[in-house]
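Worksheet: the structure to be examined is printed underneath.
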Amino acid sequence: FARPQSIDPTLVGVLIRLCVRSDGGTRFEQYIEKFQKSKTPELRDQYLVALAEFNKPALARKLIDVALSEKVRAQDIWKPVRALLANTVVQGESWDAVKSHWPALHKKGGSLGVQRMIQAAGHLWSDEWHEDVSAFFSHPGNRAGLGERTLAQTLEFIQLGARFKRHQTAELSMWLQAYVQKGAKKAF
């Protein structure tokens, strides 16, 4: 993505994420470099969030390490965490990495970062993850402090998402199959 200023600014983030997703992980370090050399905060954020689109578990763990490094400002640490937990391909690995690095993430992110990282766990839509998130933050060493209300809201959001997923997956699959079989014009 040589000249992001050459296209409509509203498309830059989407195109960066699309390029990352189609890359397969070969250019992770190049995107880290682009993130670091970006001239505007907006472009830095777009690269930082796009790094979570690499669908390789090892790169998800590596991005957590990058977030904890001096390359990412403390106030921005929650952004890659949120994006990783929203990426359904690497959610499990990302959540495991967040848990194993929680003391460092908590320390670097501060109270606002903690709240936003807890909110990011709201993307983990399953009953098993609900239990895991609840158990993790119930441990005294992982207490969120100022994020207690956020944690309660996140746990509720996980339940709602899991319920939605259970009830809508079959219907959506059937609709998509009909869409493909009948053609796009007839499905609507």
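This note's numbering puts the first residue of the sequence shown at 29, with every later residue one more than the last. The beta carbon of each residue, even a glycine, is placed where N, CA and C say it ideally should be. Keep in mind the model is a prediction, meaning the values are calculated, not measured.
For residue i, which of helix, strand or coil comes out of DSSP?
{"i": "residue 218", "result": "Since the first residue of the chain shown is 29 and the last is 216, residue 218 is not available in this structure."}
{"i": "residue 129", "result": "coil"}
{"i": "residue 35", "result": "coil"}
{"i": "residue 99", "result": "coil"}
{"i": "residue 228", "result": "No answer is possible for residue 228: it lies beyond the span of the chain, which begins at 29 and ends at 216."}
{"i": "residue 72", "result": "helix"}
{"i": "residue 141", "result": "helix"}
{"i": "residue 53", "result": "coil"}
By Cβ distance below 6 Å, which residues in the same chain neighbour residue i in space, the five residues on each side in sequence not counted?
{"i": "residue 151", "result": "113, 114"}
{"i": "residue 95", "result": "105, 108"}
{"i": "residue 102", "result": "136"}
{"i": "residue 41", "result": "74"}
{"i": "residue 53", "result": "82, 84, 87"}
My guess is that residue i and residue j are in contact by the Cβ rule of under 8 Å, so how many angstroms apart are they, rounded?
{"i": "residue 78", "j": "residue 45", "result": "5 Å"}
{"i": "residue 132", "j": "residue 89", "result": "Contact doesn't hold; Cβ gap of about 13 Å is too wide."}
{"i": "residue 182", "j": "residue 147", "result": "6 Å"}
{"i": "residue 17", "j": "residue 143", "result": "Here the chain covers residues 29 to 216 and nothing more, so residue 17 does not appear."}
Considering residue i, what are the terminal residues of the alpha helix (DSSP H) in which it resides?
{"i": "residue 105", "result": "Per DSSP, residue 105 belongs to no alpha helix (DSSP H) and is neither H nor E."}
{"i": "residue 171", "result": "It is not in any alpha helix (DSSP H) - residue 171 carries neither H nor E in the DSSP assignment."}
{"i": "residue 81", "result": "No alpha helix (DSSP H) holds residue 81; DSSP gives it neither H nor E."}
{"i": "residue 149", "result": "Looking at the DSSP string, residue 149 is not in any alpha helix (DSSP H), and its letter there is neither H nor E."}
{"i": "residue 197", "result": "176-210"}
Once the 5 residues before and after residue i are set aside, which same chain residues still bring their CB inside 7 Å of it?
{"i": "residue 75", "result": "44, 59, 62, 63, 66"}
Compute every distance between the C-beta of residue i and the non-hydrogen atoms of the ligand HEM, then say whether any falls below 6 Å.
{"i": "residue 96", "result": "The ligand HEM is absent from the structure shown, which contains no ligand whatsoever."}
Tell me which residues share the same chain as residue i and place their Cβ nearer than 8 Å to its Cβ, disregarding the 5 neighbours each side in the sequence.
{"i": "residue 35", "result": "43"}
Are the stretch 134-152 and the stretch 184-193 in contact at 8 Å, needing three or more beta carbon pairs?
With a cut-off of 8 Å, the stretch 184-193 and the stretch 134-152 count as touching, because enough Cβ pairs lie within range.
On the three-pair Cβ rule with 8 Å, is the stretch 68-77 touching the stretch 50-58?
With a cut-off of 8 Å, the stretch 50-58 and the stretch 68-77 do not count as touching, because too few Cβ pairs lie within range.
Please confirm if the stretch 193-213 is in contact with the stretch 157-166, defined as three or more CB-CB distances below 8 Å between the two stretches.
No: fewer than three Cβ pairs fall under 8 Å.
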